[in-house]
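*Asks:*
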Ligand SMILES: *Cc1c(COP(=O)(O)O)cnc(C)c1O
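Residue numbers (my numbering): 379 to 766.
1) Could you pull out every unbroken alpha helix (DSSP H) segment of at least 4 residues lying fully inside the stretch 412-448, listed in chain order?
2) Which word fits residue 695, buried or exposed, when buried means at least 16 other C-beta atoms lie within 10 angstroms of its C-beta?
3) Using the beta-carbon count (16 or more within 10 Å), is residue 583 buried or exposed?
4) On the three-state DSSP scale, how would you describe residue 480?
5) Flag residue 607 as yes when its Cβ comes closer than 7 angstroms to any non-hydrogen atom of ligand 1, and as no otherwise.
6) Apart from the five residues on each side of it in sequence, which residues of its chain come closer than 6 angstroms, Cβ to Cβ, to residue 416?
7) Start and end of the beta strand (DSSP E) containing residue 564?
8) Can you tell me where the beta strand (DSSP E) holding residue 633 begins and where it ends?
9) Is it the case that the CB of residue 467 approaches a heavy atom of ligand 2 more closely than 7 angstroms?
10) Does DSSP put residue 684 in a helix, a strand or coil?
11) Let me know if residue 748 comes out buried or exposed under the rule of 16 or more other beta-carbons within 10 Å of its beta-carbon.
12) Can you check which of these residues, 412, 481, 573, is closest to residue 395 by C-alpha distance?
13) Beta carbon of residue 515, beta carbon of residue 570: below 8 angstroms?
14) Please give me, in chain order, every unbroken run of the beta strand (DSSP E) with length at least 3 that falls completely inside the stretch 703-755.
15) By the three-class DSSP mapping on this structure, what secondary structure does residue 649 have?
16) So is the beta-carbon of residue 515 under 7 angstroms away from any non-hydrogen atom of ligand 1?
17) Please report how far the alpha carbon of residue 410 lies from the alpha carbon of residue 553, in whole angstroms.
18) Could you check if residue 505 belongs to the surroundings of ligand 1, using beta carbon to heavy atom distance under 7 angstroms?
19) Check residue 466 in the structure and name its three-state DSSP category.
20) Give me the Cα-Cα distance between residue 442 and residue 720, rounded to the nearest whole angstrom.
21) Pull up the distance between the alpha-carbon of residue 772 and that of residue 764, whole angstroms please.
22) On the DSSP bridge list, what partners appear for residue 561?
23) Considering just the uninterrupted stretch of the beta strand (DSSP E) at residue 490, what are its terminal residues?
24) I'd like to confirm the pairing. Which residues does DSSP put opposite residue 511 in its beta bridges?
25) Does DSSP put residue 693 in a helix, in a strand, or in coil?
26) Is residue 727 close to ligand 1? I mean its beta-carbon at under 7 angstroms from any heavy atom of the ligand.
27) Within 10 angstroms of its Cβ, does residue 431 collect 16 or more other Cβ (buried), or is it exposed?
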């Protein structure tokens, strides 16, 4: 079975576009035009220029000497934390804003949980002078006050989702409702490799710059590439150009929360079953009668009950190995990286580093870890849980 997407937007049994009829014209327009636009010379010229001078790419591939010595293996860090706004998410929002412009859209909507995707979207909208509306659960607005202020500073309107649990899934429902009501002038920027086809493919192609750079920066292939997986966009970005290189072991790290044997977890690969979430067939954490279960992770960016459909397929085909890391293991890894390398990582990112503890490493191993984001946004969690 092919590892890649097929003509219908499926990755094996996963993917597709399970959308309400009223959304069909919007998704169809995107599906018909995205490849032609993003592969045009004109798009690529502006995208590459912004990635270089605005985002700060290429991000360094840094040989972490003290961490390498600690684990007796060669460890390289792909520094997405040095991107403008502090994480990889901006690669996608810049790409999608350029796509929206070329589709003649004047209004951008997005949904956000912790606020990181909202900030990256508001940033891209400010750059292009486009109207920006970010839907966010009322509960998340209260929990993530600094990011709400950032979005407002950038000129975005943050609209509270008041229904249900007043969190990410409710914000997603509001964004979809908005898109149905504004089909002609609005583009919906999804923040990870999730949602209906063509979003998983679009976002993967925009994030693929990460592995393209790793290939150019490293002399020969690494033995392993590791990345944390929420929806899976930074991980796909880091794996993309290595999927056909069978000598490279690819490992995705998801959030086990309190542990996969507890009811407080977000480890979809370990606990999920096939189902439709956010208009895509994928693995979902759900009850036997199909109700989505509330996930838990100390890290807001990994606190998601599904996973991108491509990852579900790569898991099933065995090309990528998915392991899980608990809240505590991730927090321990935050301190280790901070003190060994002078880099305070995002809590999401720390899940990838925590897995080093469980690997049987050899001095000949050459590991690339995708350092998806910096930890400034997590400082209040670090103050609460770490003795700092
Ligand atoms: C949002 C976020 C993630 C999780 O999203 P993916 O789509 O799985 O990459 C990981 N790391 C950081 C720093 C994030 O902000």
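Beta carbons are placed, not taken as given, at the ideal position from N, Cα and C, and that holds for glycine.
*Replies:* In terms of the structure at hand:
1) 419-428
2) exposed
3) buried
4) helix
5) yes
6) Excluding sequence positions up to five before and after residue 416, its CB lies less than 6 angstroms from no other CB in the same chain.
7) 564-566
8) First-last of the beta strand (DSSP E) with residue 633: 627-635.
9) Ligands in the displayed structure: ligand 1; ligand 2 is not one of them.
10) Three-state DSSP puts residue 684 in a strand.
11) buried
12) 573
13) no
14) 744-748
15) helix
16) no
17) 22 angstroms
18) no
19) DSSP places residue 466 in coil when its eight states are reduced to three.
20) 10 angstroms
21) One cannot answer for residue 772 here, as it falls past the ends of the chain, which runs 379 to 766.
22) None, per the DSSP bridge assignment.
23) Segment 485-490, the beta strand (DSSP E) holding residue 490.
24) 487, 535
25) helix
26) yes
27) exposed
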